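Chemist: Got a structure here, written out as structure tokens. Questions coming.
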Amino acid sequence: MMQIETAIARYLKSSGHSFIHLKAVLFDMDGVLFDSMPYHADAWVTSMAKYNLPMTREVAFMNEGRTGMSTINLIYNQVYGKDASKELIDEIYLNKCNEFAKHPDPPRMPGAWELLKKLKATGITPVLVTGSGQHTLFARFDRDYPGMFEHDKMVTAYDVKYGKPNPEPYLMGLKKAGVAANEAIVIENAPIGVQAGVAAGVFTVAVNTGPLPNQVLIDAGANLLYPSMVALYEKWEELAEHLTVNH
Ligand code: CA
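The sequence shown begins at 924 in this note's numbering and counts up by one.
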């Protein structure tokens, strides 16, 4: 309880807002709504190795949330000290997508559906904010999260010019939800996504669903941290109570 109050007080002080009144929750996708990150990490390690670009699983998790293009160029730069060509980046990214597609469809993250049901029941709008541009994305949401996300309240790779850690995706999410920064929270599992949420001026909750130490998410600026989506779901009422202003 104290920890939540302290976290909100810190946010209000740094953002200049005088309160948070929750109307929308901006959800990241991979590692928050779907337990897909182990598959993505495998696909990165395998496909990059084919091009003699060594990448560990940890590096894949550290760079989660970046666009595929900038991830490839970042590693290429570390190895060769220069930018990769557009053709090479496209080829490697296609290879990575093909590796990912060899895995089964990732399951829903435990706790996510249950949390969404609580939000819906209290009139809070869920909004998707992902850097992913998978063409099957809308169909997958209709199947795995029916009725939870309206298509016109989804931010994908096609909506934005800059990826996370730029605040643009989350600013776009606020716009689509029709709410101000102090009328929403962000839920993120990756350091770069946390940076994007914080840069957008939104109270950012980290859920550590992967192998990185908590401190990496705290250092990225997370306002609060939960060990899993199940933990966030179980403690939701306690948090929500602090995110409502009775005018
Ligand atoms: Ca993520």
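We put the beta carbon where it would ideally sit given N, CA and C, even for glycine.
Predicted model only: the values in this text are computed from it and were never measured.
Taking three-plus beta-carbon pairs below 8 Å as touching, is the region 1128 to 1146 in contact with the region 980 to 989?
Modeler: Touching, yes, given that three or more Cβ pairs across the two stretches are closer than 8 Å.
Chemist: Would you give the residue range spanned by the beta strand (DSSP E) that I998 belongs to?
Modeler: Looking at the DSSP string, I998 is not in any beta strand (DSSP E); the run it does join, the alpha helix (DSSP H), is G991 to Y1003.
Chemist: Can you pull the DSSP bridge partners for Y1107?
Modeler: Sequence inspection shows Ala at residue 1107; the Tyr mentioned does not correspond to that position. Paired residue(s): A947.
Chemist: My understanding is that K1098 touches E1091, with C-beta atoms under 8 Å, so please give their C-beta distance in whole angstroms.
Modeler: Not quite, the Cβ-Cβ distance comes to about 10 Å (not below 8 Å), so this is no contact.
Chemist: Should D1082 be counted as a contact of ligand 1 given a C-beta to heavy atom distance under 7 Å?
Modeler: Not under cutoff, so the answer is no.
Chemist: Mind checking who F957 pairs with in its DSSP beta bridge?
Modeler: Paired residue(s): D953 and R1031.
Chemist: Across which residues does DSSP place M1077 in a beta bridge pair?
Modeler: The partner list for M1077 (beta bridge, DSSP) reads L1051.
Chemist: Cβ of V1050 within 7 Å of any heavy atom in ligand 1?
Modeler: No, Cβ of V1050 sits at least 7 Å from all heavy atoms of ligand 1.
Chemist: When DSSP builds the beta bridges, which residues end up paired with T1127?
Modeler: T1127 is bridged to V1109.
Chemist: Do the CB positions of I943 and I931 come within less than 8 Å of each other?
Modeler: In contact: I943 and I931 (Cβ atoms closer than 8 Å).
Chemist: What residue range does the beta strand (DSSP E) around Y1149 cover?
Modeler: L1147 to Y1149 is the extent of the beta strand (DSSP E) around Y1149.
Chemist: By the three-class DSSP mapping on this structure, what secondary structure does S1008 have?
Modeler: If DSSP states are grouped into helix, strand and coil, S1008 belongs with coil.
Chemist: Return the residue from the list Y999, K946, I1047 and A1062 that minimises the CA-CA distance to K973.
Modeler: Checking every option, the nearest Cα to that of K973 belongs to Y999.
Chemist: Quick check: is any heavy atom of ligand 1 less than 7 Å from the C-beta of E987?
Modeler: E987: yes, Cβ under 7 Å from ligand 1.
Chemist: If you draw a straight line from the C-alpha of T969 to the C-alpha of Y1003, how long is it?
Modeler: Roughly 19 Å separates the two Cα atoms.
Chemist: Just jot down, in chain order, the residues whose CB lies closer than 5 Å to any heavy atom of ligand 3.
Modeler: Among the ligands modelled here, namely ligand 1, ligand 3 does not occur.
Chemist: Residues in its own chain within less than 7 Å of P1049 by CB, not counting five upstream and five downstream?
Modeler: The residues are V948, F950, L1039, L1042, M1071 and F1072.
Chemist: Closest by CA to V989, which one among T1079, I1047, P1069 and P1029?
Modeler: This sequence places Arg at residue 989; Val is not what is there. When each option's Cα is compared against that of R989, the closest is T1079.
Chemist: Let me make sure I understand the geometry here. Which of G1056, F1126, K946 and R980 has the alpha-carbon closest to that of S938?
Modeler: Checked all of G1056, F1126, K946 and R980; the closest Cα to S938 is F1126.
Chemist: Rounding to the nearest angstrom, what Cα-Cα distance links H940 and G1120 in this structure?
Modeler: In a straight line, the C-alpha of H940 is about 16 Å away from that of G1120.
Chemist: Going by C-alpha to C-alpha distance, which of L1051, E1014, H963 and E1022 sits closest to D1075?
Modeler: With distances taken between Cα atoms, D1075 lies closest to L1051.
Chemist: Go ahead and pull the three-state DSSP assignment for K1040.
Modeler: Helix, per DSSP.
Chemist: Mapping DSSP to helix, strand and coil, what is Q1057?
Modeler: Correct three-state label for Q1057: coil.
Chemist: DSSP three-state call for L976: helix, strand or coil?
Modeler: In the structure shown, L976 sits in coil (DSSP, three-state: anything other than H, G, I, E or B).
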